[in-house]
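Comments concern the structure below.
There are 2 protein chains.
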Amino acid sequence: MPKIVDPAQRREAIADALFAIVLKQGFAKVSLRAIAEEAGLAIGSIRHYFTTAEGIVRFALETLVARVSARLETRLASLLPQLDAGSLSGGAAKELTVDLLAELLPLDEVRRQESVVWLAFEETARTDPALADVFETSVRGSRKLMARTLESMSHRGALRVDLDLDLEVDALAALIDGLTLRSTLHPEVLTPERAREVLSAHLEQLRK
Amino acid sequence: MPKIVDPAQRREAIADALFAIVLKQGFAKVSLRAIAEEAGLAIGSIRHYFTTAEGIVRFALETLVARVSARLETRLASLLPQLDAGSLSGGAAKELTVDLLAELLPLDEVRRQESVVWLAFEETARTDPALADVFETSVRGSRKLMARTLESMSHRGALRVDLDLDLEVDALAALIDGLTLRSTLHPEVLTPERAREVLSAHLEQLRK
DNA sequence: ATCGTTTTAGCACGTTCATGCTATTAAGCC
DNA sequence: GGCTTAATAGCATGAACGTGCTAAAACGAT
Numbered sequence: 001m002p003k004i005v006d007p008a009q010r011r012e013a014i015a016d017a018l019f020a021i022v023l024k025q026g027f028a029k030v031s032l033r034a035i036a037e038e039a040g041l042a043i044g045s046i047r048h049y050f051t052t053a054e055g056i057v058r059f060a061l062e063t064l065v066a067r068v069s070a071r072l073e074t075r076l077a078s079l080l081p082q083l084d085a086g087s088l089s090g091g092a093a094k095e096l097t098v099d100l101l102a103e104l105l106p107l108d109e110v111r112r113q114e115s116v117v118w119l120a121f122e123e124t125a126r127t128d129p130a131l132a133d134v135f136e137t138s139v140r141g142s143r144k145l146m147a148r149t150l151e152s153m154s155h156r157g158a159l160r161v162d163l164d165l166d167l168e169v170d171a172l173a174a175l176i177d178g179l180t181l182r183s184t185l186h187p188e189v190l191t192p193e194r195a196r197e198v199l200s201a202h203l204e205q206l207r208k
Numbered sequence: 209m210p211k212i213v214d215p216a217q218r219r220e221a222i223a224d225a226l227f228a229i230v231l232k233q234g235f236a237k238v239s240l241r242a243i244a245e246e247a248g249l250a251i252g253s254i255r256h257y258f259t260t261a262e263g264i265v266r267f268a269l270e271t272l273v274a275r276v277s278a279r280l281e282t283r284l285a286s287l288l289p290q291l292d293a294g295s296l297s298g299g300a301a302k303e304l305t306v307d308l309l310a311e312l313l314p315l316d317e318v319r320r321q322e323s324v325v326w327l328a329f330e331e332t333a334r335t336d337p338a339l340a341d342v343f344e345t346s347v348r349g350s351r352k353l354m355a356r357t358l359e360s361m362s363h364r365g366a367l368r369v370d371l372d373l374d375l376e377v378d379a380l381a382a383l384i385d386g387l388t389l390r391s392t393l394h395p396e397v398l399t400p401e402r403a404r405e406v407l408s409a410h411l412e413q414l415r416k
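These protein sequence lines map, in sequence, to chains A and B. In terms of our numbering, the first sequence is numbered consecutively and its last residue is 208. In terms of our numbering, the second sequence is numbered consecutively and its last residue is 416.
See below:
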């Protein structure tokens, strides 16, 4: 039998190499050669796991989405029971909600890198049908997360009653998108910590 | 004397060709050859006006910024006297303010195209120092516009008094960034008209 | 009509790219 | 210990790229 290498792990390593290049040199510099060098592999080796270059990009995007989704799911799973238990004060509940949504902000190096890569993919996806559907799903998913969050507040009676909930969902989703965009690409204008404050203040204004 | 061609006009036409390619095929497909074909010129002709390919990109970005800035300046110039005159009702003043800020949203085909190109440049600029300073300036400029807008409301006494003005400036800037991003790249999730409604509602909530 | 200069055209070169193939290497079962 | 097969390595090809450079063309003043 042959040399044993976990193929899934190898694929992830290749995706990580792609991320590193996007991060350091931008999406335009991504190429099989660059990925091979970054990963410390020969081009032939990479092509053993991915037949086309496009396949790498596609897989990398799916990997990225999976990682972020997993983190959000984890947080959500630990948050919802706490909120439903009703044992928290309004302020504590709000802080936990902020924590959940702030998961999307580039508040640490890992998330900063993910945000950069995410934004790089976004431009590529606009003209690449193979990637577009992944984004469509993700964007709808993030809107859904906002909706769930606000509905949860509403059910607890923690939300102002004079609000158009649907409109507030769009506003919250856009606000977080904008905060992420600015604090990722222009941290000297808007620091991630500041972005978190803005998010917190926004939620505070929605409270009763 | 030689054939008469307005060089400035030619440069703009070349920039427009670049915009068209970004729009139709994405930033990755931009090349001298592609630009030449789109503009109906020979590569040599283009290189007569721009010695390097990088120069075209740089010039195109400056052109884009100039166009958007000019539109904003025009609107601002017509808006400020009206507001200072104090002859408008609060509601009318707010609508005019929304109109001003909505200039940044992709509400018509021209602005949609500009937004797409703008976002494409943004990713490129992250790793290209020659473009980065243009963006730095523009991002600060847009924040300044938000600040001026809110200050104007504040001076007219049209703003709630319990607000942290600086925080609201960041929030407004991020909200508009996010609305633009979403309604440009994912109009099926957030239509531009809907984005305008969100913006309007946000400003309404800031009013006294 | 001729000349001088701007504009246009495009060839040639060296790089870089993705990809189709073919060898070579390494590891576990017989 | 040799066989089998996954994994690795890298060569060859053709296409696309930016750019240096030279030649042609177009046009207005003389």
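Virtual Cβ for every residue (Gly too), placed ideally from N, Cα, C.
Is residue i helix, strand or coil by DSSP?
{"i": "B/L353", "result": "helix"}
{"i": "B/L304", "result": "helix"}
{"i": "B/M209", "result": "Reliability fails at B/M209, whose pLDDT of 47 lies under 50, so the model's placement of it is uncertain and no value is given."}
Under the rule that 16 or more other beta-carbon atoms within 10 Å means buried, what is residue i, buried or exposed?
{"i": "A/A42", "result": "exposed"}
{"i": "B/L387", "result": "buried"}
{"i": "B/T345", "result": "exposed"}
{"i": "A/L159", "result": "buried"}
{"i": "A/T52", "result": "exposed"}
{"i": "B/A293", "result": "exposed"}
{"i": "A/L80", "result": "exposed"}
{"i": "B/L373", "result": "exposed"}
{"i": "A/H48", "result": "exposed"}
{"i": "B/M209", "result": "Confidence at B/M209 is low in this model, with a pLDDT of 47, below 50, so the placement of that residue should be treated as unreliable; the coordinate-derived value is given next. Classification for B/M209: exposed."}
{"i": "B/R390", "result": "buried"}
{"i": "B/A216", "result": "exposed"}
{"i": "A/A174", "result": "buried"}
{"i": "A/A66", "result": "exposed"}
{"i": "B/R351", "result": "buried"}
{"i": "A/H155", "result": "exposed"}
{"i": "A/A15", "result": "buried"}
{"i": "A/T74", "result": "exposed"}
{"i": "B/V318", "result": "exposed"}
{"i": "B/D385", "result": "buried"}
Pop quiz: residue i and residue j are said to be a contact at Cβ under 8 Å. What is the actual Cβ separation, rounded to whole angstroms?
{"i": "B/L226", "j": "B/I254", "result": "Actually they do not touch by this definition, with Cβ atoms about 10 Å apart."}
{"i": "A/L150", "j": "A/L172", "result": "7 Å"}
{"i": "B/V276", "j": "B/E322", "result": "6 Å"}
{"i": "A/D170", "j": "B/V306", "result": "Contact doesn't hold; Cβ gap of about 16 Å is too wide."}
{"i": "A/L119", "j": "A/R196", "result": "About 18 Å separates the two Cβ atoms, so there is no contact after all."}
{"i": "B/A236", "j": "A/A60", "result": "With 8 Å as the limit, B/A236 and A/A60 do not qualify as a contact, their Cβ atoms being about 16 Å apart."}
{"i": "A/A117", "j": "A/V22", "result": "It should be noted that the sequence gives Val, not Ala, for residue 117 of chain A. Rounded, the Cβ-Cβ distance is 5 Å, consistent with contact."}
{"i": "A/V134", "j": "A/E62", "result": "7 Å"}
{"i": "B/E311", "j": "B/R279", "result": "6 Å"}
{"i": "A/L96", "j": "A/Q82", "result": "7 Å"}
{"i": "A/R126", "j": "B/G234", "result": "6 Å"}
{"i": "A/L206", "j": "A/L163", "result": "7 Å"}
{"i": "A/R210", "j": "A/L131", "result": "The displayed coordinates of chain A run from 1 to 208. Any statement about residue 210 of chain A would go beyond what the structure contains."}
{"i": "A/A39", "j": "A/A13", "result": "6 Å"}
{"i": "B/K302", "j": "B/E412", "result": "7 Å"}
{"i": "B/K416", "j": "B/G365", "result": "7 Å"}
{"i": "A/L105", "j": "B/A409", "result": "Going by Cβ atoms, the distance from A/L105 to B/A409 rounds to 23 Å, so no, they are not a contact pair."}
Self-check item: Every unbroken alpha helix (DSSP H) inside the region 10 to 45 of chain A [4 residues or more]
Solution: Listed in chain order, the alpha helix (DSSP H) elements of length 4 or more contained wholly in the region 10 to 45 of chain A are 32 to 39.
Quiz prompt | Ordered list of alpha helix (DSSP H) runs contained in the region 363 to 397 of chain B, each at least 4 residues | solution = Assignment of alpha helix (DSSP H) within the region 363 to 397 of chain B, counting only whole runs of 4 or more residues, yields 373 to 393 in chain order.
Quiz item: Residues in the region 12 to 27 of chain A with C-beta within 7 Å of chain B's C-beta atoms, listed in sequence order?
Solution: For the region 12 to 27 of chain A, which is checked against every Cβ of chain B, the residues closer than 7 Å are Q25, G26, F27.
Exercise. Could you run through the region 196 to 208 of chain A and flag, in chain order, every residue whose CB is less than 9 Å away from some CB of chain B?
Key: For the region 196 to 208 of chain A, the set of positions with a beta-carbon nearer than 9 Å to some beta-carbon of chain B reads E197, V198, L199, A201, H202, Q205 in chain order.
Quiz item: What are the start and end residues of each continuous alpha helix (DSSP H) run of 4 or more residues lying completely inside the region 53 to 106 of chain A, in chain order?
Solution: The qualifying runs are 53 to 85, 90 to 102.
Quiz item: Listed in chain order, which residues of the region 65 to 80 of chain A have Cβ atoms closer than 7 Å to some Cβ of chain B?
Solution: For the region 65 to 80 of chain A, the beta-carbon criterion of a distance under 7 Å to any beta-carbon of chain B is satisfied by none of its residues.
Self-check item: Where the region 123 to 157 of chain A meets chain B: residues whose CB sits under 9 Å from a CB there
Solution: Identification of residues in the region 123 to 157 of chain A having a C-beta nearer than 9 Å to some C-beta of chain B yields E123, T124, A125, R126, T127, D128, F135, E136, V139, R140, R143, given in sequence order.
Practice problem: Output, in sequence order along the chain, the residues in the region 98 to 120 of chain A whose CB is closer than 9 Å to any CB in chain B. | Solution: Cβ contacts with chain B: V116, L119, A120.
Practice problem: Identify each residue in the region 249 to 274 of chain B for which the Cβ-Cβ distance to at least one residue of chain A is less than 7 Å, and report them in chain order. | Solution: Along the region 249 to 274 of chain B, none of the residues has a CB nearer than 7 Å to a CB of chain A.
Practice problem: Taking a Cβ distance cut-off of 7 Å, strictly less, list which residues of the region 389 to 401 of chain B are near chain A, in chain order. | Solution: So the close ones are L389, R390, L393, H394, V397, L398.
Quiz item: Just by C-beta distance, which residues in the region 374 to 390 of chain B are closer than 9 Å to chain A?
Solution: For the region 374 to 390 of chain B, which is checked against every Cβ of chain A, the residues closer than 9 Å are L375, E376, D378, A379, A381, A382, L383, I384, D385, G386, L387, T388, L389, R390.
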